[in-house]
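First the structure, in the form of structure tokens, and then the observations on it.
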Amino acid sequence: MSLLKGPLNPSSRRPRWAPGGPRLAALLAIALFPCGFAAPATAQTADSTVAPAPATTAAPATPPATSAAPARPAFETLDAIGLENISVDTASVPPRFGYENRRYRHPMDVLGEIERAAPGPFVGIERRLGLATASIAVDPRNAPVSFRVRFPSDADFTPPPPGPVAESSRHGVYFLVRPLFSYELGHINVPVQFRYQAEPILRYNPWPGARMTASVVLPLYNDFDFDPVHPDVDEVRPGIVSLEQFMWVPRGALLSGTAGLFGDNRYGGSFGAARPLLGGRVLADAQVDLTGFVAFEPDGVSASDLNHWSSFGGLTWYVPRLDAAVRVRYAQFLYGDHGLHTEFRRSFGDFEYALFLINSRDFRVEGIRLTLPVWPLTRPARGPVRVYPIERFPISYRTDATPVGLFVGGVASRETYLEQLSPAALGANRFRYERRVNPPEPAGPPPPIEWMNSSGMSGFVFTPWANVLREGTISVDYTHVPKQWSFDHRNESDNEANSLTIGLLPRIEVSLRFTRLPGVHGGIDVEDPDNVITTDTDHMASGRLALLIPRGWRPGLAIGAEDVEGTRRFNSSYIVSGVEHEIKYVQTRFSVGYAPRVFRATRHVLDGGFGAAEVSPWRAVAARLEYDSEKWNVGIGAALPYGLRFRAAALNLETLSVGVGWTHKL
């Protein structure tokens, strides 16, 4: 769940330290970062009171006689595209361009702008918080264009041009507004609980590597019960008030420290160290926190001693050719529990999708986190006060609201500081570079429409298709199944399925589904005067793997399971084969499959043999006939503008079922 209520021991505000957590993180940090603290070879400053050096404002230097490289853009080029902390050295070969990007969403956008202004090899040194963070060598002479990333912890890191910088980030204060949204599903007497808050935030970059943050939390609406871990949640109170500092140890590691008020009513200090390995393909990261409890209640401020330790140590692997990462951490968590936290996350443009698993004590918690981009996608980065909403809005769901597997929030994150700088992230976002350098090519013919079935997976009416959603495609759907053919409480209640499905990886499709059963109380005492539940709910996760992709008359083959994680009231596991082909300019699909009883379940949606046929006389219209191992169904689908979909079916050739959805390629 996104809201986690109460500590493991709600009566205590001082969770005890479980031995071994901080010591493990410290030992890991020593093992990973054994190098000495050497002084940097080149001085780097971020003096905002001086103008750029003459070498950076003069016309581009003439390259040596032996070089055929064209003249390079000088300070004015980087200034014109809205960058900060600019320094330029066009006399070096290849030229070096130091900058900080707070305007565009990705480093590849900046590299493309530089390349378009003056084609040829160059090195872009990206600063973050005024601190040189990564050098990216770009060579457009290679096919495809090559990008080589190095960090200050690498021996061959290319430093930015020495001397003062122009358009310092210390000239501006950021004023952001962040909405805080919490919810909980499945409370014993209340189906859904909500909390809305707003958090105005001020951020300032006082010197290289530092960030000052001050915020206040404004309560707007809350229908949760009293929470002893957050007793001041209904009060106007300070939010995150902290000072963060990042610094690089040359040929060593990226260090970070944070002090102040953090999230989850904690105050104290945090220290971390991270080192990119294998050219940024792997990140080793460790952190130790010393915090105490603090609350701003109506009768005054209450606080515990600064005596609670938490820590973690872990590795993050950036998947080649994908903007994806696999992270494994062993941690002593915020409330004293300790265990393993595993996460897979994938970015599609500015949208991020993450699946995580927590094994802590006797708890196993699965979850999903969606991170949505917030408009405007390109932001002005100049002016003394810059007012924006936050850049991204995360929302998460956990299968268990027990407060286990939690990290201290609101402290410096080395992983976030280095995001989008791995070779995998740069390579997967090559399209951003290309669209800046070259005009877009004419669009080809549109791909076939991808249809969803009533189970929230790609398919026909109830039966699955022998392929998966295209990678990076997301679909949000609703289907109403009348009680005559519902799969849970048949002839008693309708099934209302709400699903989120995504083509997570090549050949892999995953789905999360929330099903309502109006009028079913799920075993709750309906005579309880505090009970406001009028419907039962079910949550489930499904997945499918395409073993063979159908092409023409060559059949495809896929295996899948629905409700593989959940109550298994809507379970089915299957293998399906199918072909798609154009016959007389009419698109057709055929599939056959079998659903064995692989998992023990309350009931099986598919149980035995099934098959389907579909005809699309027009691209945006599909008519289908299927046998779903129980009954015959006919249906029709219509693709509407803006990715909207409408579906209708006659179940058992007699009972109407309808569905709507929205499908979008990220």
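So the sequence shown is numbered by my numbering: it starts at 125 and just counts up by one. Just so it is clear, CB atoms sit at the ideal spot from N, CA and C, and this is done for glycine as well. Just so it is clear, the structure is predicted and the values come from calculations on it, not from any experiment.
Name, in chain order, the residues that DSSP records as bridge partners for Glu574.
-> Paired residue(s): none; Glu574 is not in a bridge.
Burial state of Pro527 (16 or more Cβ within 10 Å) | buried
Pairwise C-alpha distance: Leu501 and Gly291 | It is worth fixing the name first, because residue 291 is Glu in this sequence and not Gly. Spanning the two alpha carbons is a distance of roughly 21 Å.
Going by beta carbon distance, what residues of the same chain come within less than 8 Å of Arg743, once the five residues before and after it are set aside?
-> Pro570, Pro572, Ile573, Gln711, Ala763
DSSP-derived helix/strand/coil call for Pro362 | strand
What is the residue span of the beta strand (DSSP E) that Leu641 lies within?
-> 632-642
Are the Cβ atoms of Pro508 and Val498 separated by less than 9 Å?
-> no
Would you grab the beta carbon distance between Thr661 and Arg693 for me? Rounded to a whole angstrom, and I think it's under 8 Å.
-> Not quite, the Cβ-Cβ distance comes to about 11 Å (not below 8 Å), so this is no contact.
Which value, in whole angstroms, describes the spacing of the CA atoms of Met232 and Glu543?
-> 13 Å
Short check: CB of Gln411 to CB of Gly396, under 9 Å?
-> yes
So what does Gln317 bridge to, in DSSP terms?
-> Glu308
Using three-state DSSP, classify Thr201 as helix, strand or coil.
-> helix
Flag Val784 as yes if its beta-carbon sits less than 9 Å from any beta-carbon of chain E, otherwise no.
-> Checking the listed chains, one finds no chain E in this structure; it contains a single protein chain.
Would a C-beta distance cut-off of 9 Å place His613 and Val644 closer than the cut-off?
-> yes
With respect to the beta strand (DSSP E) encompassing Ala548, which residues constitute its N-terminal and C-terminal limits?
-> Ala548 -> not in any beta strand (DSSP E); alpha helix (DSSP H) instead, spanning 547-552.
Would you kindly work out how many angstroms separate the C-alpha atoms of Tyr328 and Ser211, rounded to a whole number?
-> 21 Å
With burial defined as no fewer than 16 other Cβ atoms inside 10 Å of the residue's Cβ, what is the status of Asp349: buried or exposed?
-> exposed
Report buried or exposed for Phe275, applying the criterion of at least 16 other Cβ atoms within 10 angstroms of its Cβ.
-> buried
Which residue's Cα is closest to the Cα of Tyr228: Thr214, Ile205, Pro674, Leu593?
-> Ile205
Length of the line joining the Cα atoms of Arg560 and Thr201 | 14 Å
Could you pull out every unbroken beta strand (DSSP E) segment of at least 3 residues lying fully inside the stretch 683-733, listed in chain order?
-> 696-707, 710-719
Given Ser582 as reference, the closest of Gly684, Thr523, Pro679 once Cα atoms are compared | Gly684
Look at Gly551 and Ile598 and say whether their C-beta atoms are less than 9 Å apart.
-> no
CA-to-CA distance, Thr495 to Phe611, given in whole angstroms = 33 Å
If Leu300 sits next to Ala322, beta carbons under 8 Å apart, how far is it from one beta carbon to the other, in whole angstroms?
-> That belief does not hold up - the Cβ atoms of Leu300 and Ala322 are roughly 11 Å apart, past 8 Å.
What does Ala377 pair with, by DSSP beta-bridge criteria?
-> Paired residues: none, contrary to the question.
Bridge partners - Asp662, DSSP secondary structure assignment = Thr639
Would the beta-carbon of Ser701 fall within 9 Å of that of Gly680?
-> yes
From the DSSP output, in three-state form, read off Thr526 for me.
-> coil
Which residue comes first and which comes last in the alpha helix (DSSP H) that contains Asp233?
-> 231-241
Measure from the alpha carbon of Glu558 to the alpha carbon of each residue in Gly222, Val217, Thr214, Ile238, then state which is nearest.
-> Ile238
Going by beta carbon distance, what residues of the same chain come within less than 6 Å of Pro625, once the five residues before and after it are set aside?
-> Looking at the sequence provided, one finds Thr at residue 625 rather than Pro. Excluding positions up to five away in sequence, the list reads Gly580, Ser599, Ser635.
Would you call Glu565 buried or exposed, if buried means 16 or more other Cβ atoms sit within 10 Å of its Cβ?
-> exposed
3 or more residues per run - each beta strand (DSSP E) lying fully within the stretch 406-465 | 406-421, 424-427, 432-443, 448-456
When you compare each of Gly403, Arg335, Arg721 to Phe370 by their alpha carbons, which one comes out closest?
-> Arg335
Length of the line joining the Cα atoms of Tyr751 and Glu633 = 23 Å
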